[in-house]
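Those protein sequences? They're chains A and B, same order as listed. If you use the working numbering, the first sequence corresponds to residues 697 to 882, in order. If you use the working numbering, the second sequence corresponds to residues 12 to 573, in order. Cβ coordinates follow ideal geometry from the N, Cα and C atoms, glycine included. Data block below; observations after.
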Amino acid sequence: MENNQDQKHTISALVDNEPGVLSRVTGLFSGRGFNIESLCVAETMDPLVSRITLVTRGNDQIIEQITKQLNKLINVIKVIDFTNTEFVEREMALIKVRAEAQTRAEILRIVDIFRCKVVDVSPQFYTIEVTGNEGKIKAILDLLGPLGIKEIARTGAIAMARSKKEGSLKREKSVILQETFGGGKK
Amino acid sequence: MRLSGAEIVIESLIQEGVTSIFGYPGAAITDIYDTLDKSPIRHYLVRHEQGAVHMADGYARTSGKVGVCLVTSGPGATNTVTGIASAYMDSIPIVVFTGQVPTPLIGNDAFQEVDIVGITRPCTKHNYLVKAVEDLAGIIKEAFYLARSGRPGPILIDLPKDILHNKTEFKYPKKIEMRNYRPTYSAHPKQIEKATAQILKAKRPVIYAGGGVITSHSSSELKTLAESLTIPVTTTLMGLGAFPGRHPLWLGMLGMHGTYWANMSVAHCDLLIAVGARFDDRVTGKVDLFAPEARIIHIDIDPTSIRKNVSVDIPIVGDCKDALTKLNQLVQKPGKQEWRKIRQPWLEQIKEWKETHPLNYEQGKDEIKPQYVVEKIYELTKGKAIIATEVGQNQMWAAQYYHFDQPNSFITSGGLGVMGYGFPAAIGAQVACPDRIVFDIAGDGSIQMNIQEMATVVANQLPVKIAILNNGYLGMVRQFQELFYEKRYAQTFLKGNPDFVKIAEAYGATGLRAKHPEEVGPVIEKALSIKGPVIIDFVVSPEECVSPMVPSGKAMTEMLLV
Numbered sequence: 697m698e699n700n701q702d703q704k705h706t707i708s709a710l711v712d713n714e715p716g717v718l719s720r721v722t723g724l725f726s727g728r729g730f731n732i733e734s735l736c737v738a739e740t741m742d743p744l745v746s747r748i749t750l751v752t753r754g755n756d757q758i759i760e761q762i763t764k765q766l767n768k769l770i771n772v773i774k775v776i777d778f779t780n781t782e783f784v785e786r787e788m789a790l791i792k793v794r795a796e797a798q799t800r801a802e803i804l805r806i807v808d809i810f811r812c813k814v815v816d817v818s819p820q821f822y823t824i825e826v827t828g829n830e831g832k833i834k835a836i837l838d839l840l841g842p843l844g845i846k847e848i849a850r851t852g853a854i855a856m857a858r859s860k861k862e863g864s865l866k867r868e869k870s871v872i873l874q875e876t877f878g879g880g881k882k
Numbered sequence: 012m013r014l015s016g017a018e019i020v021i022e023s024l025i026q027e028g029v030t031s032i033f034g035y036p037g038a039a040i041t042d043i044y045d046t047l048d049k050s051p052i053r054h055y056l057v058r059h060e061q062g063a064v065h066m067a068d069g070y071a072r073t074s075g076k077v078g079v080c081l082v083t084s085g086p087g088a089t090n091t092v093t094g095i096a097s098a099y100m101d102s103i104p105i106v107v108f109t110g111q112v113p114t115p116l117i118g119n120d121a122f123q124e125v126d127i128v129g130i131t132r133p134c135t136k137h138n139y140l141v142k143a144v145e146d147l148a149g150i151i152k153e154a155f156y157l158a159r160s161g162r163p164g165p166i167l168i169d170l171p172k173d174i175l176h177n178k179t180e181f182k183y184p185k186k187i188e189m190r191n192y193r194p195t196y197s198a199h200p201k202q203i204e205k206a207t208a209q210i211l212k213a214k215r216p217v218i219y220a221g222g223g224v225i226t227s228h229s230s231s232e233l234k235t236l237a238e239s240l241t242i243p244v245t246t247t248l249m250g251l252g253a254f255p256g257r258h259p260l261w262l263g264m265l266g267m268h269g270t271y272w273a274n275m276s277v278a279h280c281d282l283l284i285a286v287g288a289r290f291d292d293r294v295t296g297k298v299d300l301f302a303p304e305a306r307i308i309h310i311d312i313d314p315t316s317i318r319k320n321v322s323v324d325i326p327i328v329g330d331c332k333d334a335l336t337k338l339n340q341l342v343q344k345p346g347k348q349e350w351r352k353i354r355q356p357w358l359e360q361i362k363e364w365k366e367t368h369p370l371n372y373e374q375g376k377d378e379i380k381p382q383y384v385v386e387k388i389y390e391l392t393k394g395k396a397i398i399a400t401e402v403g404q405n406q407m408w409a410a411q412y413y414h415f416d417q418p419n420s421f422i423t424s425g426g427l428g429v430m431g432y433g434f435p436a437a438i439g440a441q442v443a444c445p446d447r448i449v450f451d452i453a454g455d456g457s458i459q460m461n462i463q464e465m466a467t468v469v470a471n472q473l474p475v476k477i478a479i480l481n482n483g484y485l486g487m488v489r490q491f492q493e494l495f496y497e498k499r500y501a502q503t504f505l506k507g508n509p510d511f512v513k514i515a516e517a518y519g520a521t522g523l524r525a526k527h528p529e530e531v532g533p534v535i536e537k538a539l540s541i542k543g544p545v546i547i548d549f550v551v552s553p554e555e556c557v558s559p560m561v562p563s564g565k566a567m568t569e570m571l572l573v
C-alpha cells in the first residue's frame, strides 16, 4: 500500500570511515530538501566502517528516494530502513534539573522508576543520565519539566535489527524489492 | 619503478588509453605539465577552464571514451564547476584533475586555495582529495571506472602540490574491487516478463527514449523493438539520434518544445515505455496530467531515477541494452505484419495530429528565418554532421529541424542548460572525430560566453564551424517576455554585440555573413569548403519564436501553437 502520510523512519547506513562522508550524506539531505531529525555517527567493529543512524520523516515516495539516494553514494556500503521491521532503538539524554531540598526526593523517585542514574550532583542541580527509546525520554522530560529543567543534551537515536525469525513477511518484501530495483547498487 | 606523483598521473592516463586532454596550467599543477609535455598525450590549451570541461564533455560524447581535463587550484578549479555540473546532469563520463595547495597548507586560506572537493560534492558522481602519493594510482583507476560504469558521470581528483612531488613505487592496478559499488546491469527477468505482457496487451503504446539509450549504445535494439511491434517513438532532447529522424515511426521530440503530435501521443497513449529517460520537468510539464491514461514501464540503470517524478507501474533497473535485448526476445509474436494491422487506428490518429499541427515556419523573401538556417545546414551536410548547440532558441531549433539519425551526433547541455557550452563541446567533438563535420549552432548571446576558445581552434587548426543565429536578443527569454510579460523586453536586447566576422578575423579564422535568405545556402557551402575554423554570422529575424511551446507548469496538451 502506498502511504502518502509523513511517517517517522529510522535509517541506518554503513559507510566508509573517512573524512567527507558525513558531509556527502547530510549534503544529500539538504540538497534535496529532506529533513534530518536526529543523527548519530560512530565507528563499527571494523575501523574502516562507520554507522550513521538517522531519523527522518516523509511519505513512502520520499523515503524510497532517500534510501535509494543514500545507496547511490559511493561511500555508502549498506542502507537499512528499520521502519515496519522489528528493531531496538535507543537514545541517551543528559538532563540537568533543579534540585531544591523539597524536590530532591521526588527526583530520585523518578530516577528510580525510569531506571536511570544521577551522574552529577551540585547544591542546586542534579544531572541525570537516561537511556531509552524516544517515548521513554519524552516521558521523563514531561515528569521532570515542572520541577525545572535547566539544560538537556540528547544523542539522537541509534538502532539495531532484532535477530531474524523464520518465515517473516520481511523476506517476501525484500525479494520483491530485489526484483524491481535489482540486486546491485547505484 | 619509483615515480613522482606527477609522473604517476601521466603514466596512469596512458594506461587508461587517454590520448587527448584539455587544460590550463597554473602554479599548483606545473609539475604535471612538466611531465605532460614529454608524454605522447596531446594537450589542448584552452583559454578558460570552463571551456576545458565542456571540451572534455563533448569529447566523451563523441568518442565513447572518458574525457579528461586538467586545471590548477583555486580559480582554475572553481571555473570548472559549471562544466562539471552540466556533465553530471547529462551523465557524461569525465575525469577532472584539479591542482591543490600543498597538504600542510590545506585549510589555511593559502594563495589560490579552495575546497573544490567540498564545492563539487553535490555535482560529481564522486570526488577525491589525494592525501598520499601511494593512493594516487588506485584513485585514478577507480575514478575512470566510476566515470564510465553504471550511470556515467563526472569524477574530480584534487591533487595537492606536495603529492605531485613525492615519489613512490608505481604499479597501475589491474583490477578494481569496490565493495560499495555494483551497478545493476542485468534487468530482472520477472520484470521483463511483466513488461512484455503489458506491451503485448497495449493498444496505443509509445516509446519515450532518453540519453540512456545513447549512453548504452542500444539504439539498434530500440529500433528493433519499435519496428517489430510497430510502436511509435519519441525521445527527449538528450535522446535525439537514438532513433532515426526520418523513420515512419518517429514522432519527433516531446516536451516543452516538442512536436504537437509527440505530446498528444503521450497524452493519449495507454502504455508508455520509458527507456533511459528521467521524466524531467521539461518533458512532463504538469506531472499529474502527464500520460494520464497510460501504464508506465520505466527502464533505467539508476534506481533513483525510478519513481522520482512519476509513479511507475513496472520499474526495470538495468542497462537499457540488456533490458531491450531481453524484451526483443520475448515479444516476437505475432509478427510484424499483424502488428502493423493492429496499430493502424493508433497510427491514423497520430497522423491526423501531425497533419493538423506540423512543425512549420514561413521563409519569406527578406529576413532569414533561423529554422531555415538549420534546415539548410541539415541539407548541405546530408544529416551527417555532429551538431553541438548552445542553450536557448538555437538549441531548440537545432533539435527540431536537424533530423538526427545517428546517436552521438547531437551534443547539447540538456539538464543544466549551459549557455557557452556548445562551442567548446564542438571543439571536443572535433578532436574526437577529426574526419567529421562539426557545427556549433549558436545564438549571439551564448557564443559570447566562451568565444575566447576561438584561440584554441585557431591554434590547433580544428575546422569547427560556428553558425550564429544572430537575432540581437537573448531570444528564448525575449520569447518568454513576449508571451508572458506583455512584451516588456527587460535586459534581453543585446546592445553592444560585436561584429562576429571581425572577431573571427581577429583570431585568424574566417568570418562569413548572410543577411538574405538566398545567401544562406552559398555561405554554408563556402564554410564547408574552408579547411579551418569558420564563424558564420546569420542575421536572422529578430522576433522569431520557438514553436510549439508548452508554458511551464501546464499540461503537455496545452500547447501554444504560434
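| field | Closer than 9 Å to chain B by CB, E868(A) | value | Bear in mind that a pLDDT of 48 at E868(A), under 50, signals an unreliable position, so the model cannot answer this.
| Secondary structure of M66(B), DSSP reduced to three states | Three-state DSSP puts M66(B) in a helix.
| field | Nonlocal neighbours in the same chain, by C-beta distance under 6 Å from P104(B), ignoring five residues either side | value | Excluding sequence neighbours, P104(B) sits near A71, V77, A158, R159 and P163.
| If you measure from the beta carbon of P133(B) to each beta carbon in chain E, is any gap under 9 Å? | Going by chain labels, chain E is absent from the structure shown, which instead holds the protein chains A and B.
| task | Could you tell me how far apart the beta carbons of T794(A) and Q765(A) are, in whole angstroms, since I believe they sit closer than 8 Å? | result | At residue 794(A) the sequence reads Arg, which differs from the Thr that was named. Actually they are not in contact, since the Cβ atoms of R794(A) and Q765(A) sit about 45 Å apart, beyond 8 Å.
| Members of the stretch 57 to 86 of chain B near chain A, C-beta cut-off 8 Å | Those residues of the stretch 57 to 86 of chain B that come within reach of chain A (Cβ to Cβ, closer than 8 Å) do not exist; the list is empty.
| field | CB-CB length for V92(B) against A154(B), believed under 8 Å | value | Incorrect: roughly 18 Å between the Cβ atoms, too far for contact.
| task | Using a Cβ-Cβ cut-off of less than 9 Å, list which residues of the stretch 175 to 198 of chain B approach chain A; keep chain order. | result | Taking a C-beta cut-off of 9 Å against chain A, the contacting residues of the stretch 175 to 198 of chain B are M189, R190, N191, Y192, R193, P194, T195, Y196, S197 and A198, listed in chain order.
| Hey, does I127(B) have any beta-carbon neighbour from chain A nearer than 9 Å? | At a cut-off of 9 Å, the C-beta of I127(B) has no neighbouring C-beta in chain A.
| request: Below 8 Å on the Cβ atoms is my guess for G483(B) versus D455(B); work out the distance and round it to an integer in Å. | output: The pair is a contact, with the Cβ atoms about 6 Å apart (cut-off 8 Å).
| Taking the Cβ atom as the reference point for each residue, do V551(B) and I379(B) lie within a distance shorter than 9 Å? | When the beta-carbon positions are compared, V551(B) and I379(B) come within less than 9 Å of each other.
| message | Residues of chain B with CB closer than 8 Å to the CB of Q757(A), please, in chain order. | response | Under the 8 Å cutoff, chain B gives R318 and S322.
| Beta carbon of Q441(B), beta carbon of I479(B): below 9 Å? | It is not a contact, given that the beta carbons lie outside the stated cut-off.
| 9 Å Cβ cutoff, K49(B) in contact with chain A | So, not an interface residue.
| Cβ contact (3+ pairs, closer than 8 Å) linking the stretch 247 to 256 of chain B and the stretch 219 to 233 of chain B | Taking 8 Å as the limit for Cβ pairs, the verdict is that the stretch 219 to 233 of chain B does touch the stretch 247 to 256 of chain B.
| query | Just the Cα atoms here: how many angstroms apart are S5(B) and R289(B)? | reply | Because chain B is modelled from 12 through 573, residue 5(B) falls outside the range shown and cannot be assessed.
| Given that L282(B) touches chain A, what residues does it touch there, using C-beta distances under 7 Å? | Scanning chain A for C-beta atoms nearer than 7 Å to the C-beta of L282(B) yields nothing, as the closest lies near 18 Å away.
| request: State the beta-bridge partners of N191(B) as determined by DSSP. | output: Answer is none; N191(B) lacks a bridge partner.
| said: I need the straight-line Cα distance from E569(B) to I836(A), nearest angstrom please. | reply: E569(B) and I836(A): Cα-Cα distance of roughly 58 Å.
| Terminal residues of the continuous alpha helix (DSSP H) containing N767(A)? | Residue range D756 to K768 is occupied by the alpha helix (DSSP H) that includes N767(A).
| query | DSSP beta-bridge partners for Q703(A)? | reply | DSSP, once it has assigned bridges, lists G754(A) as partnering Q703(A).
| Does the distance from the C-beta atom of D169(B) to that of L140(B) stay below 9 Å? | Contact flag set, yes.
| Tell me which same chain residues have a C-beta within less than 6 Å of the C-beta of I151(B), skipping the five on either side of it? | Hits under 6 Å: S23.
| DSSP bridge partner residues for L140(B) (one or two, in chain order) | DSSP output for L140(B) lists D169(B) as bridge partner(s).
| said: Under 9 Å, Cβ to Cβ, is there at least one residue of chain B near T739(A)? | reply: For the record, residue 739(A) in the displayed sequence is Glu; it is not Thr. So no, E739(A) is outside the interface.
| message | Rounding to the nearest angstrom, what Cα-Cα distance links K704(A) and I307(B) in this structure? | response | For K704(A) and I307(B), the distance between alpha carbons rounds to 29 Å.
| query | Where in the stretch 496 to 549 of chain B do unbroken runs of the alpha helix (DSSP H), each at least 4 residues long, occur, reported from the N-terminal end onward? | reply | Uninterrupted alpha helix (DSSP H) stretches at least 4 residues long and entirely within the stretch 496 to 549 of chain B occur at 511 to 518 and 528 to 540, given in chain order.
| task | Return yes when the Cβ of G296(B) is within less than 9 Å of the Cβ of S563(B), no when it is not. | result | It is a contact, given that the beta carbons lie within the stated cut-off.
| Span of the alpha helix (DSSP H), counted from its first residue to its last, around L391(B) | Counting along the chain, the unbroken alpha helix (DSSP H) around L391(B) starts and ends at P381 to L391.
| query | Would you call the stretch 52 to 66 of chain B and the stretch 460 to 472 of chain B in contact, with 3 or more CB pairs under 8 Å? | reply | Result yes; three or more Cβ-Cβ pairs closer than 8 Å.
| request: Classify E386(B) as buried or exposed, calling it buried when 16 or more other Cβ atoms lie within 10 Å of its own Cβ. | output: Per the 10 Å Cβ criterion, buried.
| Taking Cβ positions, are V144(B) and A88(B) nearer each other than 9 Å? | Contact flag unset, no.
| said: Contact defined as beta carbons within less than 8 Å: I believe S734(A) pairs with A857(A). What is the distance between those atoms, to the nearest angstrom? | reply: The pair is not a contact, with the Cβ atoms about 19 Å apart (cut-off 8 Å).
| message | Could you check whether the stretch 349 to 361 of chain B touches the stretch 499 to 511 of chain B, counting it as contact only if at least three pairs of C-beta atoms, one from each stretch, sit closer than 8 Å? | response | The count of Cβ pairs closer than 8 Å, one atom from the stretch 349 to 361 of chain B and one from the stretch 499 to 511 of chain B, stays below three, leaving the stretches out of contact.
| field | Proximity winner among L81(B), A520(B) and H268(B), relative to N371(B) (alpha-carbon distances) | value | Among L81(B), A520(B) and H268(B), the Cα nearest to that of N371(B) belongs to H268(B).
| query | How many Å lie between A67(B) and V717(A) at the Cα? | reply | One C-alpha to the other measures close to 27 Å.
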